[in-house]
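Enquirer: First the structure, then my questions, so here it is.
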Amino acid sequence: MSLASRTRIAGLLAAFTVGAVGVTTWAYGYGTTPESAAPEAARRPSVTEGTVLQVVAHPDDDLYFMNPDLSRSISTGIKVTTVYLTSGESDGRNEAHSPHLKDPAGPADHASYAEARQNGIRAAYAQMATGDRTSAWQRRSIPTVGGGSAEVDVLVARPEVNLVWMQLREARTISGDSPDSLRGLWDGRVPALEAQLSSGTPVKPGFSYDKDQVVEALAGVLALYRPTTIRTQDPTPGRVHGGGVFFDHQDHIYGARFVQAAAERYAKSTDRPHFSVQNYVSYPNSSLPPVLDPQAAEEKLGYLKTYAWSDHENWCGSPAGCGDRKTATRPAGSGWNRTIRYGRGDVTSWMTEGVSGRLWAFGVLDGRMAYWSRGGPNAPWQGPRFLAGTGMDTGSTAVRLRDGRVAVFGTRTTLGTTPQEYGRELVYSVQAAPDGAFGPWLSLGTPDTEDLSGTSAISTPAVALDRTGRMTVYVRDSQRTLRAAAQSAPDGAFGAWESLGGSGLRGDPVTATDAAGRRHVYAATAQSVLAWVQQTPDAPFDAPVPTGLPATTALSASAKGDGVALYFRHPGTGAVATSLATAGGTVPEFSPVTEVGGEGGYGPVGVAGGLLAGRAGAGTVGVANTDGGPSWYESQMHYTGAPAALTAQDGTAVGAVLGLDAALHVTTAPPGGSEPLGSRPASSPWYPAVPPAAGGPGYRASSGWQR
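Written out as structure tokens, the structure reads:
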């Protein structure tokens, strides 16, 4: 970042001192994670730490698609900021949909409707943070690095809660041709995009941004708030049947691409903490099973009703209105109050064991592949360290090769200098020797061969080894079918992408190998789960087989004796269930579904030995016993992505998650489950893998990182 940009950032920080509220920069004061720690620090239980920043296209995208992650982050007391790229002015009419009336709200007033949506958002956030929708805000205009201005709102009672309004013009159509939009600006169809200021904003006068100025302005906001977790929408949801219509709103897609570019630019600075990125599914949730349990869905709906100004009482005193009446007749949207899904990072296979009991865990920080390692059961974790290269997407898969080397797979997005150069490819890196350095990234390309800039909706890969040590990579392509690429020989090149069939696949495929060496691959659809299972270890896959399993909102697989255990969540409750798949006949057999027990949650679970790790009912990471323990034992920590778990060489089950602080956190279960999970402290069995050194920067002896 240039000296001039840094000077403007300094001006922004100064502008953030608002009266008695005293908003700070929220910095942790560290740039890298220490690789050793004092023993007394190592046993402090993990709690939710870090700084979270959401960037969405429209006012309400956060409430519909990022809750309850959003409300639960606010409830912990960490710093939470949401950035709205557009004003969401739509057709400028703030009235509930009334099909029998041609013009129910009179003449269009885009500025007033934008203000009404702002009022509804502030009310919903005040309710989430304080329980009182009328809780006061302080609002002011600040200059942006992009040369315009943004409105910043600070919740007086909870000044760690901020809203940033960029107030750009929205597309005003979901998929229609609208050059004056984020999409038009990204594709170069317009040289600049005008602001659409709300009628009540302190931002004066209007402004416009070219493409680079939008990126620079967003990067400046990231530099201001220094997030450790960035939440954004899905930049690559794909197109409907390969046609010209997106699965999602064009503002969602291209807004997320601007966030990708801003995060890439921000990552080049050195005076910042590490950060992870989490993408969220938006409109495609409409066709998928509900995720949340009734209590969580009802709480989420309550915030949406506040935003929708459902009571229609003018409690805010604004002529524009106190919320978004367009959503009042259907505040749940298309069932969106009952669901939340991640666009990437839902795999649980990002940890593996190399030689001599060394564990390797991988995660994407700052757009780079990071890794942590532990030399043995009593050795400390070290990291994060980084593989070379940037542009990595959230989500990774790690496997151990026959000689003890480790390979890591992921996807990489290239932004390019033109819209046509935007695309995603599968890449992998292999250690040169066991415990050695990782080699350069090697590309497997993509199974998508058309419309790369418009789709690129490939999943995170799943990887399996055959008996000779050859790797095969499985991926869901943009057409929602399963594709595979296999090595010609161990350490050999990968062949062309083959089609394995299936249709309507959702999420990431999962794979495991049973004790006989037969490979199993599973992928969820909106209705059930499809299976590809070898009849013998060297047999090719036949067409996918229906499993008869119920619909699921999350899926993971773990080898178990002569079969593979599938773990999945029931729609609408989030309760975890399991079924054992066995092969050998013409079709695999599946045992009756059994319930793991305990309250529901959402997202995949990591499984190893007797340990099951996943998101519990309150959203925190918890553990349960795979043998049917009575409940989840919850921690005090929220996390991002999905947990990983494995059984180490000494028989200890190890679970790992990436916290909202962009740090690795771990838990263990004794060999063979000899100690019941219920005998451990229920408050938090999780600990930072690499705690901050006692007395080091940002460390507070009483509770870890400073809030």
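Take 1 as the starting number for the sequence shown in this note's numbering and just add one per residue.
Where a beta carbon is used, it is the ideal one built from N, C-alpha and C, also for glycine.
(1) With DSSP as the reference, label residue 568 as helix, strand or coil.
(2) Alpha carbon to alpha carbon, how far is residue 312 from residue 525?
(3) Looking at C-beta atoms only, is the number of pairs between the segment 210-225 and the segment 132-149 that lie closer than 8 Å three or more?
(4) Please state whether DSSP places residue 315 in a helix, a strand or coil.
(5) What does the alpha-carbon distance come out to for the pair residue 93 and residue 182?
(6) Which of the three DSSP states is assigned to residue 108 in this structure?
(7) Among residues of its own chain, excluding the 5 on either side of residue 413, which ones have a beta-carbon nearer than 6 Å to its beta-carbon?
(8) Could you check the C-alpha separation between residue 590 and residue 578 for me, to the nearest Å?
(9) Could you check which residue in 133, 114 and 82 has the C-alpha nearest to that of residue 720?
(10) Under 8 Å by Cβ, that's how I've got residue 141 and residue 151 pegged, so tell me the actual separation to the nearest angstrom.
(11) Could you tell me which whole alpha helix (DSSP H) segments of length 4 or greater appear in the segment 129-189?
(12) Determine whether the beta carbon atoms of residue 599 and residue 619 lie at a separation below 9 Å.
(13) Does DSSP classify residue 393 as helix, strand or coil?
(14) Is there contact between the segment 400-416 and the segment 428-438, where contact requires at least three CB pairs shorter than 8 Å?
(15) Does DSSP classify residue 49 as helix, strand or coil?
(16) Count the other CB atoms within 10 Å of the CB of residue 115; is the residue buried (16 or more) or exposed (fewer)?
(17) First and last residue of the alpha helix (DSSP H) that includes residue 73?
(18) Is the number of C-beta pairs between the segment 636-646 and the segment 350-364 that are closer than 8 Å three or more?
(19) As a quick exercise: from 603, 332 and 561, pick the residue whose alpha carbon is nearest that of residue 709.
(20) Which term fits residue 326, buried or exposed, when burial requires 16 or more other beta carbons within 10 angstroms of its beta carbon?
(21) Rounded to a whole number of angstroms, what is the C-alpha to C-alpha distance between residue 558 and residue 223?
(22) From the DSSP secondary-structure annotation, give me the bridge partner or partners of residue 546.
(23) According to DSSP, is residue 256 helix, strand or coil?
(24) Residue 309 to residue 324, Cα distance in whole Å?
(25) Considering only residues of the same chain and omitting the five flanking positions on each side of residue 536, which have a CB-CB separation below 6 Å?
(26) As a quick exercise: from 664, 529 and 55, pick the residue whose alpha carbon is nearest that of residue 260.
(27) Figure out for me which residue from 225, 653, 370 and 485 has the closest Cα to the Cα of residue 162.
(28) What are the residues that DSSP puts in a beta bridge with residue 86?
(29) Measure the alpha-carbon distance for residue 400 versus residue 685 and round it to whole angstroms.
(30) Taking residue 279 and residue 184 to be in contact with their CB atoms under 8 Å, please state how far apart those CB atoms are, rounded to whole angstroms.
(31) Mind the definition here: the segment 199-213 touches the segment 249-257 only if three or more C-beta pairs lie below 8 Å; say whether that holds.
(32) How would you label residue 548, buried or exposed, when you count the other beta carbons within 10 angstroms and need 16 or more for buried?
(33) Taking the continuous alpha helix (DSSP H) assigned at residue 449, which residues delimit it?
(34) Assuming residue 660 and residue 73 are in contact, meaning their beta carbons sit under 8 Å apart, how far apart are those beta carbons, in whole angstroms?
(35) Pull up the DSSP beta-bridge partners for residue 79, would you.
(36) Spell out the partners DSSP gives residue 484 in its beta bridges.
Expert: Looking at the coordinates:
(1) strand
(2) 40 Å
(3) yes
(4) coil
(5) 22 Å
(6) coil
(7) 391, 393 and 424
(8) 10 Å
(9) Any answer about residue 720 is impossible in this case: the structure gives the chain only from 1 up to 707.
(10) 6 Å
(11) 182-186
(12) no
(13) strand
(14) yes
(15) coil
(16) buried
(17) 69-76
(18) yes
(19) Nothing about residue 709 can be read from this structure; the chain reaches only from 1 to 707.
(20) buried
(21) 41 Å
(22) 530
(23) helix
(24) 6 Å
(25) none
(26) 55
(27) 225
(28) 168
(29) 27 Å
(30) About 22 Å separates the two Cβ atoms, so there is no contact after all.
(31) no
(32) exposed
(33) Element bounds for residue 449: n/a, residue is neither H nor E.
(34) 7 Å
(35) 51
(36) 474 and 498
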